[in-house]
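Each residue of the sequence shown is one higher than the last, beginning at 286 in the working numbering. Don't be surprised by glycine CBs; every beta carbon is placed ideally from N, CA and C. Since the structure comes first, as structure tokens, the remarks are kept for the end.
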Amino acid sequence: PLARVVASLGLMVYLIGVMGLRFPTEGAAGLVFDGPLPRQVVEFAGIRSFADRYWLALIVIVGALALAALSRFTNFGLATTASAENESGAVLQGISSDRVGVLNWMLAAMLAAVAMILAAPITPLSASTSPLLIVPALGAALVGQFRSIMATVATGFAIGMVQSELLALQSDWEWLPNVGLHDAIPFLLVLIALVWRADGAIGRGEIVTSGLPPAAEPRATIPATLLVLAAAAAGLFLLDSQWRLAIMLSAIAAIMTLSVIVLTGFVGQISLATFALAGTAAFAMVRATEDLSLPFPLAPALGVAVAVAIGTLAGLPAMRIRGLTLAIASLAAAVAVEELLFEWEWFTGGLGGSSVEPATLGPLDFDIQATGDAYPREAFGFLALLTLLAAMIIVVNLRRSRTGWQWLAVRANERAAEALGISARRVKLSANAMAAALAGVGGTLIAYQAQFISKDSFGALESLIVVAISYLAGIAAPIAALVAGGLTEGGLLTEALDRMSDDAASYQFAVSGLLLIVAAIKFPAGLVGTTSRLARRKSSPA
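This is how it looks when you write it as structure tokens:
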């Protein structure tokens with residue numbers, strides 16, 4: 286399931302990169318243009334609305350009926366159902382599951398393209414926000430259990446109507462909180478439905494070609510980390526301001542990657558809510574500083590504690606669901622946090638955002654701000670590097686400890702681990718708490734680096750990207766966090782490409798997506814794991 290998620294993320298990252306190259310000036314509002322449906326105002330049942338809304342609903346219903354008929358009365362539909370229910374059994378019956386999968390991908394891509402073209406006048410097209418429309422779509426499909434097309438369509442209509450009604454009620458009822466209820470509530474309902482209707486048979490009968498990448502014991506990780514961080518510390522003194530900023534951003538991204546490595550690489554739990562937890566910690570830190578007058582490091586510690594509490598709560602669905610379903614649930618939870626918590630004006634500062642006071646500890650000033658080429662100050666860079674070193678030491682020691690072995694046991698075989706007396710629930714919750722703590726630490730550093738944060742600073746799309754980059758670097762090896770930090774947008778690779786060519790960095794996003802697809806298919810251990818394996822082969826006697 287992880288490889289499938291990552292390959293899909295790679296394709297999405299590539300397409301987003303291409304859209305950014307093709308439409309570099311789309312702006313925050315996105316692209317709006319007239320669609321092919323009529324736009325005149327009509328009145329139906331006493332309600333005045335645009336005609337394209339009714340046409341769109343009619344097209345969806347007719348299309349759903351056609352798809353339902355295709356699924357039930359054609360050989361292709363029956364082959365698709367057989368492959369979905371029991372892939373190995375379908376292969377024994379002479380059905381090519383690969384060919385069926387390719388044809389369904391083509392059909393799904395065509396339907397998605399038609400949907401976005403028809404909906405273009407209703408929702409602005411944006412490379413950063415349009416991909417998240419998949420969340421309510423997945424929610425509707427999950428309620429339909431990925432089987433009933435008509436139930437999925439009915440749920441989609443219900444989600445849309447609930448969103449519209451909540452938006453209207455917020456303007457009519459002053460006591461209703463002015464937050465993103467219209468976007469968050471349906472996702473919360475989807476989350477509840479996922480947990481309530483958990484299916485233990487998900488994945489039964491699938492042809493498994495590979496498992497999670499091997500999580501080898503980290504032997505020389507700390508010495509290698511010290512060497513890399515020493516070079517980075519020297520770079521803070523010797524390099525110019527752009528390189529210093531790249532080093533700092535890479536260090537922060539490495540900490541975020543460690544969060545993904547703990548939860549996904551060590552425990553096998555696919556979570557797409559990393560940046561939601563990072564934003565929770567950052568905003569909680571700002572509130573603790575301003576409202577409670579807590580200094581550094583007490584304010585960041587409180588922010589991290591809040592992130593751990595929410596991360597542990599968000600980990601409860603992992604008790605009943607796993608794999609792709611858990612990934613969808615975590616993404617729905619991330620969007621719910623973004624629309625509920627991050628839209629709360631008291632918590633985030635609203636549209637104006639919140640300013641972040643610099644980190645100071647007695648005579649030590651870790652403020653990043655400076656004038657001219659002195660920005661960013663080396664002091665903040667040292668804070669980021671030291672925090673990364675501490676996080677790496679904690680993760681490596683946990684991996685070597687009894688807790689780490691329990692994490693790996695649950696990842697390998699949950700039922701066998703339970704038979705050995707290991708509580709899978711406790712293991713999952715502890716991993717979620719640790720991952721949330723690391724994400725919270727990264728979020729507080731992002732706030733200190735940016736000096737100003739808003740709800741747009743921690744989008745759900747960023748969580749997808751950090752999982753993708755983590756997998757590309759090597760999701761089961763802590764040392765891969767250093768590689769992922771260098772690969773992140775704005776990090777060392779971006780700066781190196783900028784120095785090589787003015788246009789090279791603009792292609793980084795798209796190229797990373799292609800590399801991610803290749804890694805998911807051919808090199809599941811990532812750059813670090815594949816390199817280590819090749820080195821062992823060369824050193825071993827023939």
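Euclidean distance between Cα positions of residue i and residue j
{"i": "residue 697", "j": "residue 353", "result": "38 Å"}
{"i": "residue 499", "j": "residue 400", "result": "40 Å"}
{"i": "residue 804", "j": "residue 751", "result": "15 Å"}
{"i": "residue 823", "j": "residue 817", "result": "10 Å"}
{"i": "residue 726", "j": "residue 677", "result": "12 Å"}
{"i": "residue 429", "j": "residue 423", "result": "10 Å"}
{"i": "residue 831", "j": "residue 626", "result": "There is no way to answer for residue 831, as the model of the chain reaches only from 286 to 827."}
{"i": "residue 564", "j": "residue 637", "result": "16 Å"}
{"i": "residue 348", "j": "residue 393", "result": "12 Å"}
{"i": "residue 555", "j": "residue 301", "result": "22 Å"}
{"i": "residue 771", "j": "residue 528", "result": "12 Å"}
{"i": "residue 420", "j": "residue 523", "result": "46 Å"}
{"i": "residue 398", "j": "residue 404", "result": "10 Å"}
{"i": "residue 632", "j": "residue 382", "result": "49 Å"}
{"i": "residue 458", "j": "residue 451", "result": "10 Å"}
{"i": "residue 796", "j": "residue 303", "result": "9 Å"}
{"i": "residue 786", "j": "residue 775", "result": "15 Å"}
{"i": "residue 489", "j": "residue 691", "result": "The predicted model places residue 489 with a pLDDT of 42, which falls under 50 and marks its position as unreliable; any figure quoted below should be read in that light. Rounded to the nearest angstrom, the two C-alpha atoms are 25 Å apart."}
{"i": "residue 330", "j": "residue 806", "result": "53 Å"}
{"i": "residue 433", "j": "residue 808", "result": "36 Å"}
{"i": "residue 371", "j": "residue 365", "result": "10 Å"}
Integer-rounded CB distance, given that residue j should sit under 8 Å from residue i
{"i": "residue 560", "j": "residue 716", "result": "18 Å between Cβ atoms; not a contact."}
{"i": "residue 526", "j": "residue 660", "result": "6 Å"}
{"i": "residue 592", "j": "residue 566", "result": "4 Å"}
{"i": "residue 828", "j": "residue 568", "result": "The question about residue 828 has no answer here: the residues shown for the chain are numbered 286 through 827."}
{"i": "residue 628", "j": "residue 740", "result": "6 Å"}
{"i": "residue 731", "j": "residue 537", "result": "6 Å"}
{"i": "residue 547", "j": "residue 675", "result": "Residue 547 to residue 675, Cβ: 14 Å. No contact."}
{"i": "residue 275", "j": "residue 749", "result": "In the structure as shown, the chain begins at 286 and stops at 827. Residue 275 is therefore absent and cannot be evaluated."}
{"i": "residue 756", "j": "residue 811", "result": "6 Å"}
{"i": "residue 316", "j": "residue 418", "result": "That belief does not hold up - the Cβ atoms of residue 316 and residue 418 are roughly 14 Å apart, past 8 Å."}
{"i": "residue 369", "j": "residue 378", "result": "About 14 Å; that fails the 8 Å criterion."}
Burial state of residue i (16 or more Cβ within 10 Å)
{"i": "residue 390", "result": "exposed"}
{"i": "residue 658", "result": "exposed"}
{"i": "residue 737", "result": "exposed"}
{"i": "residue 325", "result": "exposed"}
{"i": "residue 313", "result": "Confidence at residue 313 is low in this model, with a pLDDT of 49, below 50, so the placement of that residue is unreliable and no value is reported for it."}
{"i": "residue 763", "result": "buried"}
{"i": "residue 435", "result": "exposed"}
{"i": "residue 723", "result": "buried"}
{"i": "residue 477", "result": "exposed"}
{"i": "residue 337", "result": "buried"}
{"i": "residue 280", "result": "No answer is possible for residue 280: the residues shown for the chain start at 286 and end at 827."}
{"i": "residue 662", "result": "buried"}
{"i": "residue 646", "result": "exposed"}
{"i": "residue 508", "result": "exposed"}
{"i": "residue 570", "result": "buried"}
{"i": "residue 532", "result": "buried"}
{"i": "residue 402", "result": "exposed"}
Nearest to residue i (by Cα), restricted to the options the options
{"i": "residue 694", "options": "612, 678, 735 and 712", "result": "712"}
{"i": "residue 573", "options": "562, 586 and 302", "result": "586"}
{"i": "residue 655", "options": "664, 648, 649 and 617", "result": "664"}
{"i": "residue 504", "options": "781, 682 and 647", "result": "682"}
{"i": "residue 274", "options": "397, 542 and 377", "result": "Absent from the structure is residue 274, since the part of the chain shown begins at 286 and ends at 827."}
{"i": "residue 648", "options": "689, 768, 581 and 671", "result": "581"}
{"i": "residue 323", "options": "330, 341 and 383", "result": "341"}
{"i": "residue 742", "options": "595, 623 and 800", "result": "623"}
{"i": "residue 306", "options": "318, 819 and 789", "result": "789"}
{"i": "residue 549", "options": "304, 534, 611 and 522", "result": "611"}
{"i": "residue 598", "options": "714, 520, 650 and 509", "result": "714"}
{"i": "residue 416", "options": "744, 766, 382 and 776", "result": "744"}
{"i": "residue 346", "options": "583, 441 and 529", "result": "441"}
{"i": "residue 798", "options": "766, 378, 753 and 365", "result": "753"}
{"i": "residue 596", "options": "630, 545 and 631", "result": "545"}
{"i": "residue 600", "options": "589, 615 and 590", "result": "615"}
{"i": "residue 534", "options": "779, 806 and 680", "result": "779"}
{"i": "residue 407", "options": "686, 319 and 294", "result": "319"}
{"i": "residue 679", "options": "540, 395 and 734", "result": "540"}
Residue-chain proximity (residue i, chain B), Cβ-Cβ < 9 Å
{"i": "residue 289", "result": "No chain B is part of this structure, which consists of one protein chain only."}
> Along the chain, which unbroken stretches of the beta strand (DSSP E) at least 3 residues long are found entirely within the region 296-331?
Replying inline: Taking only runs of at least 3 residues, the beta strand (DSSP E) segments lying wholly in the region 296-331 are 326-329.
> Can you give, in chain order, each stretch of the alpha helix (DSSP H) that sits fully within the region 492-534 and has at least 4 residues?
Replying inline: Within the region 492-534, complete alpha helix (DSSP H) segments of at least 4 residues are found at 506-523, given in chain order.
>> My parser needs the alpha helix (DSSP H) runs of 4 or more residues fully inside the region 538-577; what are they?
In response: Correct list: 559-576.
> Where in the region 708-747 do unbroken runs of the alpha helix (DSSP H), each at least 4 residues long, occur, reported from the N-terminal end onward?
Replying inline: Runs found: 709-735.
>> Going residue by residue through the region 372-415, where are the continuous alpha helix (DSSP H) segments of at least 4 residues, counting only ones entirely within it?
In response: Those alpha helix (DSSP H) runs which fall completely within the region 372-415 and span 4+ residues are 372-377 and 382-404.
> What are the start and end residues of each continuous beta strand (DSSP E) run of 3 or more residues lying completely inside the region 657-712, in chain order?
Replying inline: With a minimum length of 3 residues, no continuous beta strand (DSSP E) run stays inside the region 657-712.
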